[in-house]
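In the working numbering, the protein residues as written are 22 to 445. So the structure is just underneath, and the comments pick up after that.
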C-alpha cells in the first residue's frame with residue numbers, strides 16, 4: 022500500500038516495476054561507470070539464523086572450493102568489461118565470508134593483479150570466527166574495514182536469534198580485533214527483538230561504545246515474511262515495539278551516540294570519522310560477484326542466480342550467472358539514487374546535477390515541497406539534509422520497501438534459479 026502510493030506520488034506511475042529474465046544484449050556493459058565497486062557474496066554459514074533473509078547455505082568444505090573457482094571464473098568474465106575502470110571498493114558479505122578466508126585470499130589476489138584496484142576492502146565477521154590466525158590472514162590480504170555481527174549483548178536474545186555465542190565471546194572478539202588496528206571496526210546492533218525493552222537497547226548501545234569502536238550500525242529487526250522468524254512470532258504471538266516506540270528509540274539512540282562523541286552518518290550508522298566508514302549498501306555503482314549478488318550501474322540493476330549449483334554450472338560454461346534484470350527509466354534511476362542518498366541522510370544537489378544534468382528540485386517538485394512542508398529535511402547550501410523526523414520517515418519507508426519488494430524478489434529467487442519475469 023505505502024510503496025504503491027509512493028510510486029504513484031513520486032514517479033507518477035501506475036505500472037509495476039518489471040524484472041526480465043537475462044539474455045545477451047539486455048545489458049549494455051559498455052556503459053559501466055568509470056569508478057565502480059565490487060561486492061562479493063559468500064553464502065556459506067555454519068548455522069542458519071531464523072531471521073536472515075539473505076542468500077545462504079550450510080557450509081561444506083568441498084563446495085567452498087568449487088565456489089571459489091566459480092568466483093574466479095565470474096571475475097574472468099568481467100575482466101575485459103572492467104579493463105579501463107577503477108575499482109573504488111571491495112565489500113565481502115554473506116553468509117559468513119571468513120569461512121572461506123583461504124579461498125578469498127586467491128580471489129583478492131586475482132583482483133589486485135588483474136584489475137585497477139588499490140582501495141579499501143571490507144568484510145563481515147561472525148564473532149566466533151575471530152582469532153589471531155584469522156585476523157593475521159585478513160591483514161595479509163589487505164582487509165582494512167571490519168563489520169562485526171554482534172546484534173546484542175543479551176545472552177537470551179542471542180539464543181532467540183539463533184546466534185551460537187555469548188556476551189563473553191563478543192567482548193573477547195572486539196578486544197582482539199582492536200589489537201590489529203584495522204582502519205574501521207563497525208559493530209552491528211539490532212533493536213526491536215521480541216521481548217526487548219528500551220533499557221536493553223540502551224545497555225547494548227553503551228556497551229558497544231565502551232570499547233571505543235569506530236562505527237556502530239544500529240537497526241531494527243525487519244521480519245521478512247519468508248523467514249522462519251515471521252512464523253515463530255506469529256505462532257507464539259510475540260510482541261514488538263510499534264511505530265511510535267521505534268521513533269522514540271531512534272531519538273534515544275541519537276542522544277546516547279552524541280553523548281559518546283559519535284556522529285550520525287546515515288539513517289542507521291554512527292561514527293567518529295566521516296572519512297572512514299564501513300558502507301557497503303550505498304555505493305552509486307557496483308558489480309556483484311557470487312550466487313545471489315546484485316549489480317548496479319547506470320540504468321541497469323540485476324541479480325545473479327541464488328542457486329549455488331546453477332551458479333557454479335553456468336560460470337563453468339563461460340556465461341555470466343545473471344538471473345533477472347531491471348532496466349530503469351531515467352526517472353526511476355533518479356529515484357533509486359535519491360533513495361540511497363536519503364539513507365546517507367544527505368542529498369547533494371550538485372552531485373545530482375552532475376549525474377543527471379538536471380535540477381532535482383525542478384524534477385521532483387512535489388517530493389521536495391512535501392519534505393519542506395513536513396520538516397522532513399533542511400536546506401544548507403547545495404545540500405538537503407534529513408531531520409531526525411525525516412530519518413524516521415525514511416526508516417519507515419525502507420522497512421515497507423524491504424517487506425513488500427525485497428521479500429518478493431528474494432523469496433522467488435530462492436525458489437527459482439532462473440526467472441522469466443518478475444513484477445513488483
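Note that beta-carbon positions come from the ideal geometry of N, C-alpha and C, so glycine has one too.
Worksheet item: Nearest to residue 346 by alpha carbon, out of 430, 268 and 370?
Response: 430
Discussion item. Give me the residue from 247, 67 and 168 with the minimum Cα distance to residue 209.
Written reply: 168
Discussion item. Going by beta-carbon coordinates alone, are residue 320 and residue 371 separated by less than 8 Å?
Written reply: no
Fill in: Buried or exposed (CB count within 10 angstroms, at least 16 for buried), residue 120
buried
Practice prompt. Could you tell me the distance, in whole angstroms, from the CA atom of residue 386 to the CA atom of residue 418?
Written response: 19 Å
Fill in: residue 75 - containing beta strand (DSSP E), residue span
Careful: residue 75 lies outside any beta strand (DSSP E) and carries neither H nor E.
Discussion item. For the structure I just gave you, are there three or more beta carbon pairs, one from the region 88–99 and one from the region 279–291, closer than 8 Å?
Written reply: no
Discussion item. Residue 182 and residue 234 - do their beta-carbons sit closer together than 8 Å?
Written reply: no
Item to complete: Please confirm whether any heavy atom of the ligand ATP lies closer than 7 Å to the CB of residue 82.
Response: Ligands are entirely absent from the displayed structure, and the ligand ATP is therefore not among its contents.
Discussion item. On the criterion of 16 or more Cβ atoms from any shown chain inside 10 Å, does residue 231 qualify as buried, or is it exposed?
Written reply: exposed
Discussion item. List, from N- to C-terminal side, the beta strand (DSSP E) runs of 3 residues or more that fit wholly inside the region 134–202.
Written reply: 142–146 and 166–172
Discussion item. By the DSSP assignment, the alpha helix (DSSP H) with residue 389 in it spans what residues?
Written reply: 386–394
Worksheet item: How would you call residue 395, buried or exposed, if buried means at least 16 neighbouring beta carbons within 10 angstroms?
Response: exposed
Worksheet item: Of the residues 256, 326 and 87, which one's Cα is nearest the Cα of residue 432?
Response: 326
Worksheet item: Going by other Cβ atoms of all chains shown within 10 Å of its Cβ, with 16 needed for buried, is residue 139 buried or exposed?
Response: exposed
Item to complete: Please classify residue 39: is it buried, with 16 or more other beta-carbons within 10 angstroms of its beta-carbon, or exposed?
Response: exposed
Worksheet item: At which residues does the beta strand (DSSP E) containing residue 251 begin and terminate?
Response: Segment 249–257 is the alpha helix (DSSP H) holding residue 251; no beta strand (DSSP E) there.
Discussion item. The alpha helix (DSSP H) that contains residue 416, what's its start and end?
Written reply: 409–422
Worksheet item: Could you give the distance in angstroms between the alpha-carbon of residue 243 and the alpha-carbon of residue 255?
Response: 14 Å
Worksheet item: Taking just the CA atoms, how far does residue 402 sit from residue 312?
Response: 43 Å
Practice prompt. Return the Cβ separation of residue 299 and residue 365 in integer angstroms, given the expectation that the two are a contact with Cβ distance under 8 Å.
Written response: With a Cβ gap of about 13 Å, residue 299 and residue 365 do not count as contacting.
Discussion item. Under DSSP, the beta strand (DSSP E) around residue 265 begins and ends at which residues?
Written reply: Counting along the chain, residue 265 falls outside any beta strand (DSSP E), though it belongs to the alpha helix (DSSP H) covering 264–280.
Discussion item. Looking at the strands, I want to know which residues DSSP matches up with residue 108.
Written reply: 57 and 138
Worksheet item: Of all the options 194, 163 and 83, which has the alpha carbon lying nearest to the alpha carbon of residue 147?
Response: 194
Worksheet item: Just how far apart, CA to CA, sit residue 70 and residue 184?
Response: 7 Å
Worksheet item: residue 438: which of 89, 223, 334 and 353 sits nearest, CA to CA?
Response: 334
Discussion item. Using C-beta distances below 7 Å, list every residue in its chain close to residue 361, excluding the 5 sequence neighbours before and after it, in chain order.
Written reply: 303
Worksheet item: Who does residue 347 pair with in a DSSP beta bridge?
Response: 322
Discussion item. Taking the beta carbon of residue 59 as the centre, do at least 16 other beta carbons fall within 10 Å, making it buried, or is it exposed?
Written reply: buried
Item to complete: Work out the CA separation of residue 249 and residue 159 for me, nearest whole Å.
Response: 33 Å
Discussion item. In the DSSP output, which residue or residues are listed as bridge partners for residue 369?
Written reply: 404
Worksheet item: Among 143, 104 and 73, which one has its Cα closest to the Cα of residue 51?
Response: 104
Worksheet item: If we call anything under 8 Å between Cβ atoms a contact, is residue 316 one with residue 308?
Response: yes
Practice prompt. Sort 72, 68 and 46 by Cα distance to residue 253 and report the nearest one.
Written response: 72
Practice prompt. Determine the closest residue to residue 240 out of 68, 329 and 413, with distance taken between C-alpha atoms.
Written response: 413
Worksheet item: Between 90, 56 and 153, which lies nearest to residue 127 when the distance is taken from Cα to Cα?
Response: 90
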